[in-house]
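Residue numbers (the working numbering), protein chains in the order written: chain A, 8 to 231; chain B, 10 to 289.
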């Protein structure tokens, strides 16, 4: 794989990159897995309200052990706290909020994203079991869908593809892809390379991306 | 539930007697309930011909076993909870102890560890399960039941699951949702285009019995949940022919502010006071 010798971003650096794209005051659903790192990297001037699909707006940080309450967990079943101004509601309300377009962004993990913004993230090809969970609702409902993932699999298989061959979560739903080498916007014209990791250039990113990348302007360097 | 399945038994009569004792204590506390209502100005005239009006002692059962007495083999069962939060563990323990079989279960998860939903799978009590998130660490009893062919799995996206339950409880013929269009969950379902956008027609999910878990109940069956243990519970309470609530504590009428009632008592048929969080 060309570019294998180039440095890639750590998961924390990808999270920081996503966090830098969030705007003050946004209501944000944070998916399980890598997306849970994002709130740790918010710029100081940015405050967001975190939504958890199991009925919380205003999720706070992990509690000290003596403050943990088994009735208060997030979508990943991890113990959490409530911030001042938080609210609690049922699943009915929570998913009305999701599908009704009331959340500014959903940050999800991904196995594959297609040129047209299709997302596959709930099960791998040929798996015995999978969990659609709330991802299918988030994919169709949030105002924006940010996907965080490695640019290629551990085996070097491409994850940004012309068409997903893993079972789909949603069609034409992804807004922006954040990987360990690039930030790519899904636009009606195609995939637009917006930012690259230090040491990367458009040709190197294109080499590990199946669909053609549009580069209308020189990409910014992430963290630069 | 067939009407014939709710005939009173000697056990019921005993339960009811005990429930009255639980709820009312003695004559003095019965008067206190009435006075609370009058002072609170919530309503008046609760005492009529010496009986308390609005106190539904017939809903109370003295044990989890008595509360689930009407569950039958082959029933479709909704079970509240998300992970371990809001799961009616004591009611599930009682079901396992009694050993009902051939159940269809509607729940978000399929249980982890040894208790709760996991125990239903361990004892091969489930023929079919509707869930959004069955695959997770510690779900070995579900996985084994699924692999052996004992249990059929129907995957339902989480928001669709709750809307299908709501549709049943609200008397609707289904819902149109954009969720799942173009995915595996759309297979076999009608796609209906409204204003140029495609939606899946998702049909209601009804149940014979809903098992829910609440933090507080009053004597008429009004329920209030706590923190994120609310989740599916209030919706499931509306969608079954018999709703059984496991509650951590019971308070007198009027002690639950009407503004704080999450599930109005009209939906609740049976209650069991667990006396505390039943844990996972």
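Note that the Cβ used here is the ideal one computed from N, Cα and C, for glycine as well. Owing to the predicted nature of the structure, the values given are computational and were not obtained by experimental measurement.
Problem set entry | Nearest-angstrom beta carbon gap, residue 144 of chain A and residue 105 of chain A [assumed within contact, 8 Å] | 5 Å
Exercise. For the stretch 71–99 of chain B, which residues have a beta carbon sitting closer than 8 Å to at least one beta carbon of chain A?
Worked result: 91, 92, 93, 94, 95
For this session: Mind checking who residue 208 of chain B pairs with in its DSSP beta bridge?
Result: B/201
Problem set entry | Residue of B/82, B/270, B/214 minimising C-alpha distance to residue 180 of chain B | B/214
Exercise. Under the three-state reduction of DSSP, which class applies to residue 220 of chain B: helix, strand or coil?
Worked result: strand
Exercise. In its own chain, which residues sit with a C-beta less than 8 Å from the C-beta of residue 94 of chain A, not counting the 5 before and 5 after it?
Worked result: 63, 64, 65
Problem set entry | 8 Å Cβ shell around residue 137 of chain A - same chain, five flanking residues per side excluded | 129, 130, 131, 174
For this session: Give the residues of chain B in contact with residue 63 of chain A, contact being defined as C-beta atoms less than 9 Å apart.
Result: 236, 237
Problem set entry | Nearest residue (CA-CA) to residue 119 of chain B, options B/92, B/111, B/270, B/259 | B/92
Exercise. Distance, Cα to Cα, residue 201 of chain A vs residue 191 of chain A?
Worked result: 5 Å
Problem set entry | residue 156 of chain A - DSSP class collapsed to helix/strand/coil | coil
Problem set entry | Residue environment, residue 206 of chain A, which counts as buried when at least 16 other CB atoms sit within 10 Å | exposed
For this session: Using a Cβ-Cβ cut-off of 7 Å, state whether residue 193 of chain A counts as contacting chain B.
Result: no
For this session: Give me whichever residues DSSP pairs with residue 242 of chain B in a beta bridge.
Result: In the DSSP output, where bridge partners are listed per residue, residue 242 of chain B has none listed.
Exercise. Does any CB atom of chain B fall closer than 7 Å to the CB of residue 138 of chain A?
Worked result: yes
Exercise. How long is the line joining the alpha carbons of residue 110 of chain B and residue 116 of chain A, rounded to whole angstroms?
Worked result: 38 Å
For this session: Would you give the residue range spanned by the beta strand (DSSP E) that residue 101 of chain B belongs to?
Result: Here residue 101 of chain B belongs to no beta strand (DSSP E); instead the alpha helix (DSSP H) covers 98–107.
Exercise. Near residue 209 of chain A, what residues of its chain come up, given a Cβ to Cβ distance below 6 Å and the 5 sequence neighbours on each side ignored?
Worked result: 200, 222
Exercise. Quick one: Cα of residue 236 of chain B to Cα of residue 59 of chain A, how far?
Worked result: 12 Å
For this session: Could you tell me which residues DSSP pairs with residue 127 of chain A in its beta bridges?
Result: A/119
Exercise. Mind listing which residues of the stretch 188–202 of chain B have their C-beta closer than 9 Å to chain A's C-betas, in chain order?
Worked result: 188, 189, 190, 191, 192, 193, 194
Exercise. Thinking just about the alpha-carbon of each residue, which of A/185, A/154, A/165, A/196 is nearest to the one in residue 177 of chain A?
Worked result: A/154
For this session: Below 7 Å between beta carbons is the criterion; list the residues of the stretch 122–147 of chain A that meet it against any residue of chain B, in chain order.
Result: 136, 137, 138, 139, 140, 141, 143, 144, 147
Exercise. Are residue 112 of chain A and residue 35 of chain A closer than 7 Å when you measure CB to CB?
Worked result: yes
Problem set entry | Residues of the stretch 135–147 of chain B with Cβ closer than 9 Å to any Cβ of chain A, in chain order | 140, 141, 142, 143, 144, 145
Exercise. When the cut-off is 7 Å and only beta carbons count, does residue 178 of chain A lie next to chain B?
Worked result: yes
For this session: Taking 8 Å as the threshold, find out whether the stretch 189–200 of chain B comes into contact with the stretch 222–229 of chain B through three or more Cβ pairs.
Result: no
Exercise. Between B/218, B/221, B/217, B/187, which lies nearest to residue 207 of chain B when the distance is taken from Cα to Cα?
Worked result: B/187
Exercise. Residues of chain B with CB under 7 Å from residue 76 of chain A, in chain order?
Worked result: 236
Problem set entry | Segment contact, 8 Å Cβ cut-off, at least three pairs: the stretch 126–135 of chain B with the stretch 9–28 of chain A | no
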